[in-house]
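**Student:** I have a structure here, written as structure tokens, and I will follow up with some questions on it.
Residue numbers (the numbering used here), protein chains in the order written: chain S, 51 to 167; chain D, 6 to 585.
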């Protein structure tokens, strides 16, 4: 079965590119959200297997969103993305409950699969 | 002769007529024992009150206190008619014989301005008047004749000879009066406690004599309940009259003392001004001279009030019941103000004499304050520059992140997808590369715009004229460049002038609703004079927005100045003068 994905980012250009890229590599994108609050709502409503989550959102940041939607046995896997480098965030990524971090410019199905294993 | 003086003269005449009439009544009395003594005392006391009252009224017509003192004197004179032989005149005089006490209570409650504003004290005042007039009624109506032993005329309003009922009612009224007097004493203590030291000093003579009088009145009423009209009651009644008689003199002595104190205060101040000022500076000397520890000194600098440290200061508004201010002038120029307790106005002239004596010293401290104010302005402007720098960096980071960085991310993803398609779907790959090129073009535009906002390259390369012309072309509304010097100016001056024009044109486009604007930069008297005019709605508020503040700081850092002229409906002119 294809892996279902929710994409969370406030930049429409990134959401569009990420959707095309992931779908072309066998993922099934089932929803998009533009800020932290709607990301939490959509994650509970759509029950995706993966949430591709931007760090810098207009309301609450991606670390807080990750902390809210992970931690249960049936929680989705969360992968944080940002146009910044992971070294900008120090230990925040590992503490957030996310599976890992991918710089936006390096996003690919392969990188995502590696983190999901 | 002014209307006031005429009215006061008429009152003096009325007092004289009433006095003569009263004297005639006392001297012709059939039952008064010491007619001469009683007549002299009655008039001495009455005229002391009326004379002092008229004097205070004449000196300070806006204060109702003098009028009230005069009224107390007239109320006292009613006493004379208690000696009347006629029943009706006697009865009316008895009813009015305690009016002076109610009038005195009115005076106590209304100190210092002659007005009773507190509602509960107002009620107390009216109750006092009612009690003073209605109090003698029971004695006059019931059993009066059987008690008088031929000592005086009969009551004109006696309705029954029931002596016991009269006594009982009279005792009840006296007890009520004692209760009221105790309440008055409590109110006086309360007034004393809420007064500031200068107020206490001013109100002391009146308040203490009022206190003593009220204690004696309470004693008189109590004695008359307990022992009837015996010798103790008489002694207390005379003692209270004596205290009552002393009040106007105490008041006059207080006035005189403040007059002398004023001379002393100025002399002492002038002597101490020569010494080295303490840590508290001139303020301390003035506070000592006026005996007002709460006194504050503020300075008039560039059209605003500041304290000694150069921080903005506020003056009490007109009509403030507790604080007021007196200007300090030197050679007709305002240099400062003394903010002091409102009660110091009770002795008019004191503060203004001290202010006049301190003019030169205030001027000296004002120069210090002006320096402090300038330092304060500088440190505030420096803090704003630092804050503006931080805000600018945050804005740049945000713009880079949201703009060019996102475009480059999308570009990278698109190229990655194109790479995957080159072999199997070369047409699709071509499409993706074309999209990538568009994205790259937009990213370049955004970077260019951003770089221009940081520092326009054309300004450093080609100077102000070319940079301003480029600004005019990019502006969304027609902008005419009237003149800009062709030669190069110092870099900092060019940059400041450029950003003033850029910010002004942005504001015109955003808020002014204008159809056109003009820009001019001229060299005048060693200054670069920048002017941006528009024909928009005007009414721009210089306090609004941080943009203008930032510009003022930028121009101020070069010792220049920024001014905004924006009358509603008549366009806006922003001017900057920058020394070259």
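Just so it is clear, CB atoms sit at the ideal spot from N, CA and C, and this is done for glycine as well.
Being a predicted model, the structure only gives us computed values, none of them experimental.
In or out: residue 443 of chain D buried (at least 16 other Cβ within 10 Å) or exposed?
**Tutor:** Classification for residue 443 of chain D: exposed.
**Student:** To the nearest angstrom, how far is the alpha carbon of residue 67 of chain S from that of residue 393 of chain D?
**Tutor:** Near 36 Å, if we compare the C-alpha coordinates of residue 393 of chain D and residue 67 of chain S.
**Student:** Quick one: what's got a C-beta closer than 7 Å to residue 509 of chain D's C-beta in the same chain, skipping five residues either side?
**Tutor:** Cβ within range, chain order: 537, 579.
**Student:** Could you check the C-alpha separation between residue 26 of chain D and residue 243 of chain D for me, to the nearest Å?
**Tutor:** Residue 26 of chain D and residue 243 of chain D: Cα-Cα distance of roughly 23 Å.
**Student:** So with CB distances below 9 Å, who are the chain D contacts of residue 61 of chain S?
**Tutor:** Here the neighbours are 407, 411, 414, 415.
**Student:** Hey, does residue 649 of chain D have any beta-carbon neighbour from chain S nearer than 8 Å?
**Tutor:** A question about residue 649 of chain D goes unanswered here, because the residues of chain D that appear run from 6 up to 585.
**Student:** What are the residues that DSSP puts in a beta bridge with residue 310 of chain D?
**Tutor:** Note: residue 310 of chain D sits in a beta bridge opposite D:305.
**Student:** When the cut-off is 8 Å and only beta carbons count, does residue 130 of chain S lie next to chain D?
**Tutor:** Cβ-Cβ to chain D under 8 Å: no for residue 130 of chain S.
**Student:** According to DSSP, simplified to helix, strand and coil, what is residue 592 of chain D?
**Tutor:** With chain D represented from 6 up to 585, any question about residue 592 of chain D goes unanswered, as that position is not in the structure.
**Student:** Determine the direct distance from the alpha carbon of residue 368 of chain D to that of residue 295 of chain D, and round the result to whole angstroms.
**Tutor:** Roughly 19 Å between the two C-alpha positions.
**Student:** For residue 554 of chain D, name the three-state secondary structure that DSSP assigns.
**Tutor:** Helix at residue 554 of chain D.
**Student:** In chain D, which residues lie less than 9 Å from residue 64 of chain S when you measure between Cβ atoms?
**Tutor:** Per Cβ cutoff of 9 Å: 411, 414, 415, 418.
**Student:** Exposed or buried, which one is residue 167 of chain S when buried takes at least 16 other CB atoms within 10 Å?
**Tutor:** Exposed, by the Cβ-count rule.
**Student:** Could I get the ranges of all uninterrupted beta strand (DSSP E) runs contained in the region 432-464 of chain D, with 3 residues as the minimum, in chain order?
**Tutor:** Runs of the beta strand (DSSP E) inside the region 432-464 of chain D: none found.
**Student:** Determine the contact status of residue 477 of chain D and residue 484 of chain D, defining contact as a CB-CB distance below 8 Å.
**Tutor:** For residue 477 of chain D and residue 484 of chain D, yes; Cβs fall inside 8 Å.
**Student:** Give the DSSP-derived three-state secondary structure of residue 39 of chain D in the structure shown.
**Tutor:** Reduced to three states, the DSSP call for residue 39 of chain D is coil.
**Student:** Does the beta-carbon distance from residue 226 of chain D to residue 53 of chain D come in below 8 Å?
**Tutor:** Their beta carbons are not under 8 Å apart, which means residue 226 of chain D does not touch residue 53 of chain D by this criterion.
**Student:** Would you say residue 329 of chain D reaches chain S, if we count a Cβ-Cβ gap shorter than 8 Å as a contact?
**Tutor:** No, residue 329 of chain D does not count as interfacial toward chain S.
**Student:** Spell out whether any CB of chain S is found under 8 Å from the CB atom of residue 421 of chain D.
**Tutor:** Yes, because at least one Cβ of chain S sits closer than 8 Å to the Cβ of residue 421 of chain D.
**Student:** Listing by chain order, which chain D residues have their CB less than 9 Å from the CB of residue 12 of chain S?
**Tutor:** Look at the range of chain S in this structure, 51 to 167, and you will see that residue 12 of chain S is not part of it.
**Student:** CB residue 204 of chain S to CB residue 126 of chain S, shorter than 8 Å?
**Tutor:** With chain S represented from 51 up to 167, any question about residue 204 of chain S goes unanswered, as that position is not in the structure.
**Student:** In whole angstroms, what separates the C-alpha of residue 525 of chain D from that of residue 481 of chain D?
**Tutor:** Computed Cα separation, rounded: 18 Å.
**Student:** What residue does the alpha helix (DSSP H) around residue 93 of chain D start on, and which one ends it?
**Tutor:** It spans 92-101 - the alpha helix (DSSP H) in which residue 93 of chain D sits, taken as one unbroken run.
**Student:** So residue 104 of chain D and residue 130 of chain D are in contact, right, with Cβ under 8 Å, and what is the actual spacing, rounded?
**Tutor:** Going by Cβ atoms, the distance from residue 104 of chain D to residue 130 of chain D rounds to 13 Å, so no, they are not a contact pair.
**Student:** Which whole runs of the beta strand (DSSP E) in the region 79-161 of chain S are 3 residues long or more, in chain order?
**Tutor:** The qualifying runs are 100-104, 127-132, 150-153.
**Student:** Measuring only between beta-carbons, confirm whether residue 155 of chain S sits less than 8 Å from chain D.
**Tutor:** Yes - at least one Cβ of chain D is within 8 Å of the one on residue 155 of chain S.
**Student:** Quick check: what's the CA-CA separation for residue 151 of chain S versus residue 307 of chain D?
**Tutor:** The alpha-carbon atoms of residue 151 of chain S and residue 307 of chain D are separated by roughly 60 Å.
**Student:** What first and last residue would you give for the alpha helix (DSSP H) that runs through residue 373 of chain D?
**Tutor:** Start and end: 355-405.
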